[in-house]
Structures are given as C-alpha cells and as structure tokens.
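If you count the sequence shown from 1, position 341 lands on 341 in the numbering used here, and the numbers rise without skipping.
Positions of the beta carbon are idealized from the N, C-alpha and C atoms, including for glycine.
Predicted model, so just to flag it, every value in this text is computed and none were measured.
One structure below.
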Amino acid sequence: MASGVRRIRRLAAATALVTTLAPVLGWTSLAYAQAPTGKPGERMVVDARELVYDKDNNTVSAVGDVQILYQGRTIEADRVVYDRQSKRVVATGNARITESNGTVITGDRFNLTDDFRDGFIDSLRVVNTDKTRFSAPRAERTDGEVFVFDKGIYTACEPCVDQPERPPFWQVRAARIIHKKSEQMIYYEDARIEFAGVPIAYIPYMSGPDATVKRKTGFLAPKFINTAALGYGVGLPYFINLAPNYDLTLTPTYLSRQGFLGQAEWRHRFVNGSYNIRAAGIFQQDKDAYLKSPLGAGDDTFRGSIETSGKVFLNPRWTFNWDVAGATDRYFFKNYRIRSESLTTTSYLQESTSTVALNGQSADAWFDMRGYYFQPLTYYDWQKQQPIVAPVVDYNKRIHKPSMIGGELSFTVNITNLTREAASFKSLTPANQDYLVKSGGDAATGRPAYSLFDGCIVYDKSKCLVTGMAGTIARSTAEVDWRRNIVDPIGQVWTPYASLRADLFSINPNTTKYANANVTTIADASDEVFGRAMPAVGLMYRFPFIASTSWGTHTLEPVAQVVARPNETNSLRVANEDSQSLVFDDTNLFEWNKFSGYDRVEGGSRANVGLRYSGTFGTESYANLLVGQSYHLGGRNSYTSGDLVNVGLNSGLDTRRSDYVAKAQYQPFKGLLLQAGGRFNESNFEAQRIDASAAFSYKFLSTSVAYGRYEPQPDLGITRRREGLSITQSVSFAQYWSVRGSVLFDLDKYKYDRERYRDALALYQSNPGAYANPIYPNTGPFQMASTSVGLRYQDECTIFDISYNQSYADRAVNGARTNDTRTVMFRLELRTLGEISYSQNLGSSSAGDGVSSSSR
Numbered sequence: 001m002a003s004g005v006r007r008i009r010r011l012a013a014a015t016a017l018v019t020t021l022a023p024v025l026g027w028t029s030l031a032y033a034q035a036p037t038g039k040p041g042e043r044m045v046v047d048a049r050e051l052v053y054d055k056d057n058n059t060v061s062a063v064g065d066v067q068i069l070y071q072g073r074t075i076e077a078d079r080v081v082y083d084r085q086s087k088r089v090v091a092t093g094n095a096r097i098t099e100s101n102g103t104v105i106t107g108d109r110f111n112l113t114d115d116f117r118d119g120f121i122d123s124l125r126v127v128n129t130d131k132t133r134f135s136a137p138r139a140e141r142t143d144g145e146v147f148v149f150d151k152g153i154y155t156a157c158e159p160c161v162d163q164p165e166r167p168p169f170w171q172v173r174a175a176r177i178i179h180k181k182s183e184q185m186i187y188y189e190d191a192r193i194e195f196a197g198v199p200i201a202y203i204p205y206m207s208g209p210d211a212t213v214k215r216k217t218g219f220l221a222p223k224f225i226n227t228a229a230l231g232y233g234v235g236l237p238y239f240i241n242l243a244p245n246y247d248l249t250l251t252p253t254y255l256s257r258q259g260f261l262g263q264a265e266w267r268h269r270f271v272n273g274s275y276n277i278r279a280a281g282i283f284q285q286d287k288d289a290y291l292k293s294p295l296g297a298g299d300d301t302f303r304g305s306i307e308t309s310g311k312v313f314l315n316p317r318w319t320f321n322w323d324v325a326g327a328t329d330r331y332f333f334k335n336y337r338i339r340s341e342s343l344t345t346t347s348y349l350q351e352s353t354s355t356v357a358l359n360g361q362s363a364d365a366w367f368d369m370r371g372y373y374f375q376p377l378t379y380y381d382w383q384k385q386q387p388i389v390a391p392v393v394d395y396n397k398r399i400h401k402p403s404m405i406g407g408e409l410s411f412t413v414n415i416t417n418l419t420r421e422a423a424s425f426k427s428l429t430p431a432n433q434d435y436l437v438k439s440g441g442d443a444a445t446g447r448p449a450y451s452l453f454d455g456c457i458v459y460d461k462s463k464c465l466v467t468g469m470a471g472t473i474a475r476s477t478a479e480v481d482w483r484r485n486i487v488d489p490i491g492q493v494w495t496p497y498a499s500l501r502a503d504l505f506s507i508n509p510n511t512t513k514y515a516n517a518n519v520t521t522i523a524d525a526s527d528e529v530f531g532r533a534m535p536a537v538g539l540m541y542r543f544p545f546i547a548s549t550s551w552g553t554h555t556l557e558p559v560a561q562v563v564a565r566p567n568e569t570n571s572l573r574v575a576n577e578d579s580q581s582l583v584f585d586d587t588n589l590f591e592w593n594k595f596s597g598y599d600r601v602e603g604g605s606r607a608n609v610g611l612r613y614s615g616t617f618g619t620e621s622y623a624n625l626l627v628g629q630s631y632h633l634g635g636r637n638s639y640t641s642g643d644l645v646n647v648g649l650n651s652g653l654d655t656r657r658s659d660y661v662a663k664a665q666y667q668p669f670k671g672l673l674l675q676a677g678g679r680f681n682e683s684n685f686e687a688q689r690i691d692a693s694a695a696f697s698y699k700f701l702s703t704s705v706a707y708g709r710y711e712p713q714p715d716l717g718i719t720r721r722r723e724g725l726s727i728t729q730s731v732s733f734a735q736y737w738s739v740r741g742s743v744l745f746d747l748d749k750y751k752y753d754r755e756r757y758r759d760a761l762a763l764y765q766s767n768p769g770a771y772a773n774p775i776y777p778n779t780g781p782f783q784m785a786s787t788s789v790g791l792r793y794q795d796e797c798t799i800f801d802i803s804y805n806q807s808y809a810d811r812a813v814n815g816a817r818t819n820d821t822r823t824v825m826f827r828l829e830l831r832t833l834g835e836i837s838y839s840q841n842l843g844s845s846s847a848g849d850g851v852s853s854s855s856r
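Right, here's the structure in full:
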C-alpha cells in the first residue's frame, strides 16, 4: 500500500513540474513520468520523489532522485529548482548531465537555462566517450556547444582506482580551456603540462583538435634531430585536409649545418585504390660534412628524392600496384633520415627497390607481371652492375583431381628479361682481389681506403666468378607437373610424380666498356639462343607409425623419395641470375629441385631419405625431429657442375652421398621453444652449418638466444668461417614499464682483425718509411657487431620510449666523414595531444674494421 502511494506521489510531482514548465518552453503536449512519447524535441520526461511549490519565490522544485530527459539530454540531481521569473534551472546534490553522445558532466551545482543548453557549473567534471576528461572549479557553457573552463584541467588518463585523488600521469592545467564543439577545437591559455602533478613545461597558448576529429588542417607534432653532419634540426609538419579522400603534408625542417630540408607528401584515396607521392630536397650548405664522390655526396649542392606507391583494384581479381623511388645519390635517404617504403629492412643489405606490378588471382590460378629497378645505398655497390629486370612474368594454374588420372595437375610459366651495363665479378681468393675503382690509400695497411666494386687480378674460372653478365639476358620457362597421394590398406602413403620442363635462353652479352671483356676468359660470351628440356618421374614413400603411451602420442615416419631425370645441360652456358643462393637443409631435403630459382635445374637420378618424429605430451608440450640424407644415383650430379658462380659446390650435395641434415624442435612447456638444425659432413660428422635458438616468454620476461656457425666455402669465394651469437631480452617491471636489450656478437671478427694486422705489419717491415707501424688489435671473440638498449613506459594515455642503438658498419657506407653509428632516440606520445620525437647521433671514430682511424 505504501509503495503504491509513493508511486502516485512521484507521478503527481513529475506531472506538476512538467505542467509548470510546459507553457514556458512552448510545449504543445505533456509527457508523464516514465512514459515518453512523441519526438524527443517536443516532450520532456521527469521522474522525482516529490514536488515543492514556493509561491513567494515563484519557484517549482523537484526533490529526491530527480531525473529529467529532454532533447537527448538527461539531468540527474538530488534537487532541481525552476525559477519562473529568471527562467533558470538550478540542480544541486550529485548533479549530473548525460549528453546524447554519451558525454557525462558532473558538478556540485548547475545553473542552466530552461532548455539545459547553457549556464554555469561549479566543481565541474566532464568525462567524454573517448575517456578524455576536463575538470574546473567553475565552467560556463554557451550556445550549447562552447565550454569555457576557468582554471581548467585536461587529461586523457584514467584516474587511479586505488587513489582517485592522486593526479593522473599527465595533465594540462590552464588559466582557461575553451572547447568549441562546432570547430572541434580545444584552446589552452597560460597552459602548463604536468607529469604526476609536477609542472615540466609552460606554453602561453596552444590549441588542438578534440577527440572527434579524424582529419583537420593544422600543425602536427614537431620532430627533432641532431647528427654530426646535419647539426641540430627541427621539423614542423603541416597537414592540409583538402578533402575527405586526399590531403597534403608539408614538412619544412631546419638543420643548423645544412639549411632547410623540404618534404612534401600527397595522399589520395579513390573508389578502387589509393596512391601517395613523396618528395624531399635540400640545397646543402656544408658539403664538407660528406665524403667526395664516389664515397659520398660531398660534391653535390642539391640533393633530393621522389617516390610514389599505390595500388589500384581493377576488378575483384586483378590489381595494379607500384612502389617507385629515386634519389640524386645513394646516400641521401640515410644522410637526411628520409622515410622510404622502398628501402630494405635489413641493416647490412641496403638498397632501394622500385617495382611496378600487375597481379591477378583466382581460386586455382595466379598471375604476376612486374619489373624491378635496384638502387644500391652502400659505397661498395656500383649502380652500373645492378640489373634492370623487366618484365618478370609468373603464372601458375592448378587443376584438382583431373579426370582419369586424379591427383593434382599444375602448370607453371616464368619469363624473365634483364639488362646490365657492367659485368660483376667476385674473386675466389683475397690474393686475387682487385678493385675496379680505387680511391686514395691507407698508409697503415697499404690497401685502398675503401674497397669499391669487386674485380679480379686474374680473370680465370679457377680464380674468378662472374656474378652478373653485362648485356641482355632473357629466359622463358614452362613446366607441367602431376602428383597424387595414394594410401594403401595398411596406411602406407605413395606419391607418384611426373613433370616436364622446357627452358629457352637468349643471351646477348656486352663485352665492351668497363671490365666487360674479361668475361670472355671465363665464359662463352657470344650471342646465342639455346634451349633446355628436363623430364622427370619420381615416387615418394611414407609409412607413419603411431603409438600412444601414458605420457604422450608419438608418430615415427620413415620417408623415402626417388627421382629419375636426364643430365642437366648447358649449366656453364647459363648466366645464373636467380639461383645463386643454395642452402641444403631440412627445408629442401625432399624438394624435387633444390635450386632456388629457374636458371638452374637439378638433373640426374637422386634418392632422398629421412626419418621424421613428432610427439605431443599433454596440451602444451611437443617435439619434432627430422634426420635425412640425399644420394646421387646416376647421371651427372648437377651440384658438382659449378656454373659461372659455382652454385652447388661446397653445398653438401656435391658428393655421391650428401652431408646429413637434421632439425629438432622441443617445447617442454608453453613459453619455451628450443630449436636446432645443421648440416654435418657425411664421412666424419663435422658440423658444416649450425643454426640454434632458444626462446622463452613468461609473464614479465621474454628472451631469445640465437647462434649460427657456417664453415668456409672456398669455391664460392667465402674463405673465412662465419660465426655469430645474438641475444635479445625484454623485461616488464612495475606497472606499465619495460626494458629491452639486444646484442649481436661477431665471434670470428678477431681473426679478421689479426689478418689485417699481419698484412699491415708486413708492409711496414718491407718499407718502414712509407707505412705506419700498425697497432696490434687486442680484441677477443666477443666483438659486438650491433647493440641496442631501450626503456619503455606505456599505459592507456602515454607512450614514452628511449633507446640507444649502435652498429659497427663502416662509416663510408653512409658517405659521411664522421661515423654516426651510435644513436639515441627519444619518443613521447600523449594520447589526443600528439607525439614528439628526438634523434641524437653520437660521433665515433671506429671504422668498423678493427682498426681505429680519425674522422676525415
């Protein structure tokens, strides 16, 4: 009974308040508590415990758990008073407004107009839908969209759950904060940026878009840089929002040593694709900061680059894409820290690759046609030796379960055409090494200061390799192959295979200019067109044995494969361009053709045998093992027939019985993975190649260790053993904080240092007056090739990162006189405010070859 009375009282109070306010607001109809009808702009919904009339003060008050809904806004308070004379609404006690977009405004006291749009708020707190926050002792809202916060505070950080009164990680405190929603802008006057309540920066005036803005014309966060060659620099990007689908960004950067660097980026997105164009240029003021040509760009006044990339969807199956870049010199991108999508990501192989491609794809076919242009970015690569490859056409078509024969039928086509201006050579021994271009000399070693463009003293097949012929080389390849899996009643798996491949070569070498004529002493350099055919049949056999025990499930699978083919022909006539990399390991043990490209094809009959084991132990632990060997059965062994670059020799396949290959993986529990693989001499089991790694990850700790050791391959011109060890680690500590580090050790570098010392000492002893007495390199096996250390803080509103990186590459790779191989990088990102970054290079005199030298 009492509950019913209360409901009637609340309904009566709400109805009375609405009835009172309706004539003032011009409403045409009434809305009753908890029964909204009609359009939100026409009706009000009110819910309160009781209604109080004050005829003396001409006010009407709603008291107790008041909730009013009007025009998409909701106002809640303990008490709401409407002054009929001033037409103001005052809400007190746990006052709260929820906007139609979800923004929540709280305060001790609201003094609003009768439509709740404008007014004053005491002890204001605003929480936007993107979790940004404003607060102020007093604020005013006008026109329903302009907020003025007196002594306001802004932050994008959430309050501490345990200590909500504690200042957020960062906040902006200003004399006035003005938020204009129609402009989507926030203005700060006399602002201070505070971290943990401590002021660290004062800014008289600043502005920025609010969180609703995705694209808006204006300045972006500045970028700072400092290097020995550039000096101190600051770049201030300016973004121009021309239209929803295209924009322009201009970035003028002032460099204290080199002047103004201009950068521009145009981006355009359309219905079926997008593209961008980037350009950069500078008239450098201090050319002496860089080495002279060809070791650097110290001769050039203007330096710049232009590049474009894009992708167009011609229809659901066909796309056209490009990534093209060009620079005035090979050192520009790195000297001036230019971001380029065309650059390789590795530290030691640096080049800019431009490509244009047409690609088509269906459920069972694939087509790709493209062209390549390579621009090397290191001093020891010669542009004239880089090929222009165009076109390269690849096509593959698969037919599943063709009638009569079943299995899978595959068709493959490749067409490649390339041109090169200057032939490329590689000496097999250091004693035969010469340089097609020499620059100066080094009195301490008696060798050229920088080794440019490898050549040979004696151009003979036993002493010199041709890694690339000058002229035009074309090849077309067509192949059809068939295979089918057949499982017999006892579980044996038989996979018969058959293929037919045909190649057509056209070689038009250039034997004039540069050292091109020396190719004739090593290879047949006459113009010719010739073909090659390679039929093959084979069979693979697998018989998996499965056993279940109390501690796991085990699968043991012997694998045997036999392939019959005629001999490979014309291996010495083929200009090997795409099959120069051959690593015999577990990944290609059962490949029908172990060469990596199309220029070479495996011939002769061969058998590949191996044993696979896999085991699972519970839900998270497993192990895999593969051990195998390859046997040459008959015909000519393709891996003993070295081509112009001796591919196949020293591979482990160039004997009748190949080296053993093995690969093992073991995960004892989730988070720890151990891997090891290698190639071992078939007669004495000495390791020829070892790759091993361990990776561990658990909660706050992540670490990995990788080790590699590769024995010399003298027939390929690799006379020294290569051995390295890398360690990376990341540790999270406290909350939001992490530290990381990595180091790469060159474990054989000390041997090279001592070889250089012996050479220099011999020169000094032969002629002390012409050469300096070298200093013995007192170095050990653990020489660092690169190292990196970083500290990072990241929470919901802040990213702070500082890192130190050092590499030991030769300074001449960058074309600079100073060896800027040590870099400190700083980055701070405050959510919604922007990002600031700074890069500082630390000068060094290390030349990266174990011999100390001063900056030139």
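1) Where do the N-terminal and C-terminal ends of the beta strand (DSSP E) with Tyr858 fall, by residue?
2) Apply the 10 Å Cβ neighbour rule to Met404 and answer buried if 16 or more other Cβ atoms are within range, or exposed otherwise.
3) Let me check understanding here. Comparing Cα to Cα, which of Val271, Asn276, Tyr232, Leu242 lies closest to Phe260?
4) For Tyr776, which of Lys751, Gly790, Gly72, Thr798 has the nearest alpha-carbon?
5) Please confirm if the region 455–472 is in contact with the region 503–513, defined as three or more CB-CB distances below 8 Å between the two stretches.
6) Determine the extent of the beta strand (DSSP E) in which Lys397 is found, giving its start and end residues.
7) Any chance the region 736–751 sits against the region 781–789, with 3 or more Cβ pairs inside 8 Å?
8) Identify the residues that DSSP records as bridge partners of Ser658: which are they?
9) Who are the near neighbours of Val529 in its chain, counting only those whose CB is closer than 6 Å to its CB and skipping five residues on each side?
10) How far does the alpha helix (DSSP H) with Asn841 in it extend, from its first residue to its last?
11) Determine the direct distance from the alpha carbon of Phe595 to that of Ser579, and round the result to whole angstroms.
12) Roughly how far, in whole angstroms, is the beta-carbon of Gly273 from the beta-carbon of Val312, given that I think they are within contact range, below 8 Å?
13) Determine the direct distance from the alpha carbon of Tyr373 to that of Val389, and round the result to whole angstroms.
14) Pairing CB atoms from the region 691–705 with CB atoms from the region 665–680, are three or more of them under 8 Å?
15) Would you call Asn841 buried or exposed, if buried means 16 or more other Cβ atoms sit within 10 Å of its Cβ?
16) Is the separation between the beta-carbon of Gly119 and that of Phe134 shorter than 8 Å?
17) Among the residues of its own chain, which have a CB less than 7 Å from the CB of Pro159, if the five just before and after it don't count?
18) Buried or exposed: Lys513, going by 16 or more other Cβ atoms within 10 Å of its Cβ?
19) For Arg267 and Ser309, I'd like the C-alpha separation in whole angstroms.
20) Would you say the region 491–506 touches the region 455–464, given that touching needs at least three Cβ pairs under 8 Å?
21) By the DSSP assignment, the alpha helix (DSSP H) with Phe332 in it spans what residues?
22) Suppose you measure from the CA of Ser352 to the CA of Thr416; what does that come to, to the nearest Å?
23) Is Ala289 buried or exposed, if buried means 16 or more other CB atoms sit within 10 Å of its CB?
24) CB Arg339 to CB Thr355, shorter than 8 Å?
25) Tell me, to the nearest whole angstrom, how far the beta carbon of Pro387 is from that of Leu418; I am working on the premise that it is less than 8 Å.
26) Just the C-alpha distance for Ser839 and Lys223, rounded to the nearest angstrom, thanks.
27) So for Arg447, helix, strand or coil by DSSP?
28) If Gly72 and Ser100 are in contact, beta carbons under 8 Å, what's the gap, nearest whole angstrom?
29) Identify which residue in Pro294, Ile522, Ser605, Ile225 has its Cα closest to the Cα of Arg827.
30) Say whether the region 601–615 touches the region 631–640, bearing in mind that this needs 3 or more beta-carbon pairs closer than 8 Å, one atom from each stretch.
31) Runs of 3 residues minimum, wholly inside the region 176–210: which ones carry the beta strand (DSSP E) assignment?
32) How about Leu589 and Ser630: do their beta carbons lie closer than 8 Å?
33) Could you give the residue range of the beta strand (DSSP E) that holds Asn128?
34) Val559 and Arg483 look like a contact to me (Cβ under 8 Å); what is the Cβ gap, rounded to whole Å?
35) Report the CB separation of Leu236 from Phe219 in whole angstroms; it is logged as a contact under 8 Å.
Checking against the coordinates, here is how it stands:
1) Outside the modelled stretch of the chain, which goes from 1 to 856, sits residue 858, for which no answer is possible.
2) exposed
3) Tyr232
4) Lys751
5) yes
6) 388–400
7) yes
8) According to DSSP, Ser658 bridges with nothing at all.
9) Ser506
10) Element bounds for Asn841: not the alpha helix (DSSP H) but the beta strand (DSSP E), 834–842.
11) 6 Å
12) 4 Å
13) 7 Å
14) yes
15) buried
16) no
17) Pro168
18) exposed
19) 10 Å
20) no
21) 332–335
22) 20 Å
23) buried
24) no
25) 4 Å
26) 8 Å
27) Interpretation of Arg447 is limited by its pLDDT of 45, a score under 50 that renders its predicted location unreliable; no figure is taken from the coordinates.
28) 3 Å
29) Ile225
30) yes
31) 185–195, 198–209
32) yes
33) Looking at the DSSP string, Asn128 is not in any beta strand (DSSP E), and its letter there is neither H nor E.
34) Their Cβ separation, rounded to whole angstroms, is 15 Å, which puts Val559 and Arg483 out of contact at 8 Å.
35) 6 Å
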